[in-house]
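Report on the following structure.
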Ligand code: NCD
């Protein structure tokens, strides 16, 4: 039985196969419409979510399966003090696969050790968010046609942004990737990613504070929100929250074929006036997220459609 805790749980070849499957799903939706008939996905969300929970559910429904779950810790027995390991033992009796989001780093890992069904990490604290990474890789591959030879700018809250941590882990395995890390000093990428992943892999990267300085050279700009819920102090959040605002004016500095991604939700960091720019790809990214999760569910349940 396989789980998905980190993007590194799949080899590059397995990721290629998963993205090929997602592309086939996009092209032939009806072929997969009953692939998961009789199977149930449970979504166990101890933290707020719109896209991640609903896209897992949409993915299972598109595959002809069923869904169940809870969307806040308050509406589950966790409120009464139940442990994650007891909850997952219980859910293993009801469902065939589950996606879990939790504010504590490592909670989905604890779950998978007590589970008899595949567990998908749908975001654990400031740590990892592997299904967003599958979404991001599929979006870049579909829109840029490649996952190598790319200069990628990661902008915003690189300290707490789990989508950035997972994406870096995944992308260092491709050829000729360069990163530009764009953040204020206080929100720099933590050492456990910068030193342990970037330095170790020998990938080329630089850190800058000004977005304007980085923009002209990028193939992909990945914007992120300042992660309010991970700040200890409200004043620090207020000081940081509008540090970057991508607007029409700044977009004139970017290449004609750059794409702008964002895991969403957006707060102020991308002005709505950018939405009409053909380079704005963050809502296409939402759609790719459904295909990526359909491919993931089929892969973890080992279901093959001819
Ligand atoms: C992200 C998350 O939850 O980490 N959202 C998402 O799943 N698409 C990004 C964020 O909340 O800023």
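Residue numbers (the numbering used here): 110 to 415. By construction, the Cβ of each residue, glycine as well, lies at the ideal position given by its N, Cα and C atoms.
At a threshold of 6 Å, does residue i count as lining ligand 1 (C-beta to nearest heavy atom)?
{"i": "residue 235", "result": "no"}
{"i": "residue 232", "result": "yes"}
{"i": "residue 402", "result": "no"}
{"i": "residue 198", "result": "no"}
{"i": "residue 238", "result": "yes"}
{"i": "residue 163", "result": "no"}
{"i": "residue 157", "result": "no"}
{"i": "residue 272", "result": "yes"}
{"i": "residue 373", "result": "yes"}
First and last residue of the beta strand (DSSP E) that includes residue i?
{"i": "residue 429", "result": "With the chain represented from 110 up to 415, any question about residue 429 goes unanswered, as that position is not in the structure."}
{"i": "residue 181", "result": "Neither: residue 181 is in no beta strand (DSSP E) and is coded neither H nor E."}
{"i": "residue 208", "result": "206–211"}
{"i": "residue 152", "result": "149–154"}
{"i": "residue 75", "result": "Missing from the structure shown is residue 75; the chain here goes from 110 to 415 and no further."}
{"i": "residue 263", "result": "259–264"}
{"i": "residue 369", "result": "368–370"}
Pull up the distance between the alpha-carbon of residue i and that of residue j, whole angstroms please.
{"i": "residue 146", "j": "residue 164", "result": "18 Å"}
{"i": "residue 211", "j": "residue 132", "result": "30 Å"}
{"i": "residue 200", "j": "residue 151", "result": "7 Å"}
{"i": "residue 348", "j": "residue 138", "result": "46 Å"}
{"i": "residue 350", "j": "residue 414", "result": "46 Å"}
{"i": "residue 231", "j": "residue 356", "result": "30 Å"}
{"i": "residue 235", "j": "residue 339", "result": "7 Å"}
{"i": "residue 182", "j": "residue 122", "result": "36 Å"}
{"i": "residue 224", "j": "residue 386", "result": "45 Å"}
{"i": "residue 172", "j": "residue 136", "result": "14 Å"}
{"i": "residue 308", "j": "residue 143", "result": "45 Å"}
{"i": "residue 184", "j": "residue 280", "result": "37 Å"}
{"i": "residue 275", "j": "residue 113", "result": "12 Å"}
Could you pull out every residue in the same chain whose Cβ sits closer than 8 Å to the Cβ of residue i, ignoring the five residues on either side in sequence?
{"i": "residue 127", "result": "119, 243, 401, 404, 405, 408"}
{"i": "residue 327", "result": "260, 261, 262, 289, 363, 364, 367"}
Ordered along the chain, which non-local residues of its own chain (more than five positions away) have a Cβ less than 6 Å from that of residue i?
{"i": "residue 331", "result": "263, 370"}
{"i": "residue 298", "result": "267, 290"}
{"i": "residue 241", "result": "272, 372"}
If you drop the 5 nearest sequence neighbours on each side, which residues of the same chain put their C-beta closer than 7 Å to that of residue i?
{"i": "residue 168", "result": "399, 402, 403, 406"}
{"i": "residue 359", "result": "320, 321, 324"}
{"i": "residue 188", "result": "182"}
{"i": "residue 270", "result": "333, 336"}
How would you write the range of the alpha helix (DSSP H) that residue i sits in, first residue to last?
{"i": "residue 169", "result": "160–171"}
{"i": "residue 230", "result": "Run containing residue 230: none in the alpha helix (DSSP H); it sits in the beta strand (DSSP E), 228–233."}
{"i": "residue 403", "result": "391–409"}
{"i": "residue 331", "result": "Segment 329–332 is the beta strand (DSSP E) holding residue 331; no alpha helix (DSSP H) there."}
{"i": "residue 347", "result": "343–349"}
{"i": "residue 134", "result": "121–136"}
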